[in-house]
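The listed protein sequences derive, respectively, from chains A and B.
Using my numbering, read the first sequence as starting at 111 and increasing by one per residue.
Using my numbering, read the second sequence as starting at 24 and increasing by one per residue.
To start, the structure itself, in structure tokens.
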Amino acid sequence: DGGITQSPKYLFRKEGQNVTLSCEQNLNHDAMYWYRQDPGQGLRLIYYSQIVNDFQKGDIAEGYSVSREKKESFPLTVTSAQKNPTAFYLCASRRETNTGELFFGEGSRLTVL
Amino acid sequence: AQSVAQPEDQVNVAEGNPLTVKCTYSVSGNPYLFWYVQYPNRGLQFLLKYITGDNLVKGSYGFEAEFNKSQTSFHLKKPSALVSDSALYFCAVRDLDNYGQNFVFGPGTRLSVLP
């Protein structure tokens, strides 16, 4: 079945460590997104990519980095520069049409100890 | 700038009664509007979208939504609520006239359906 796979589901990290969240899709979608979810704040865009080897900063990109070397993969690195990284991270993808909706993965919950 | 408001943090409804989850939006161009549902510790699932045409949009699991341009609203509705509908609901907007690649999400409304 087609879909988006995020891993790991749960991750614990010590302060000062970088961590990479994986996102893989087999939907053949061009566009991929990373959102951060905090209670009561909805979803906020971290980065998005419309095509391989190209990506754009979202509203809260500071302290995060991404790469898009393959169409299927869009990993997110949470660096030690991110001041409050504990959150639920959601990856999504979309067909590159004007009317396409987002398809989401199951999310990764990062807790910084 | 685009924005979405969901004026109610929490909506409680009895099973079998109709439910409404409210959403208002602000965009400078023509809006593309979406509703998603999220169960605990899961990703968001797409319910329905308004692009153009009929103001009443039908979606998954018996949900529908009514687009009202004059009131800039896109309320989610269901004629008869189920306990299994209890979840977090998000409204989102995309402003195509400004070539926006982003989807702006509301803060979410928690729906509780009581047996």
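By construction, the Cβ of each residue, glycine as well, lies at the ideal position given by its N, Cα and C atoms.
In the DSSP assignment, SER117(A) is bridged to SER132(A).
Within the segment 142-164 of chain A, the residues whose Cβ lies closer than 7 Å to any Cβ of chain B are, in chain order, GLY150, GLN151, GLY152, LEU153, LEU155, TYR158 and GLN160.
In the three-state reduction of the DSSP assignment, VAL44(B) falls in the strand class. Here ASP140(A) carries a coil assignment [DSSP, helix/strand/coil]. Annotation: PHE97(B) has no Cβ neighbours in chain A at a cutoff of 8 Å; minimum Cβ distance is about 14 Å. Listed in chain order, the alpha helix (DSSP H) runs fully inside the segment 149-204 of chain A amount to none, counting runs of at least 4 residues. Only buried fits GLY131(B), as 16 or more other CB atoms lie within 10 angstroms of its CB. With its beta carbon at least 8 Å from every one in chain A, ASN53(B) lies outside the interface.
When PRO54(B), ALA37(B), ASN35(B) and TYR62(B) are compared, the shortest CA-CA separation from GLU216(A) is found for TYR62(B).
If the five residues before and after LEU56(B) are omitted, its C-beta is found closer than 6 Å to the C-beta atoms of TYR73, PHE97 and VAL116, all from its own chain and listed in chain order. In the DSSP secondary-structure assignment, PHE97(B) is bridged to PHE90(B). DSSP places TYR55(B) in the uninterrupted beta strand (DSSP E) bounded by 54-61. Using a Cβ-Cβ cut-off of 9 Å, PRO130(B) is close to GLY150, GLN151 and GLY152 of chain A, given in chain order. PHE90(B) and LEU99(B) do not touch by the CB rule: their CB atoms are close to 11 Å apart, not below 8 Å. Taking the Cα of GLN135(A) as reference, the smallest distance to any Cα among VAL222(A), THR221(A) and ARG204(A) is reached at ARG204(A).
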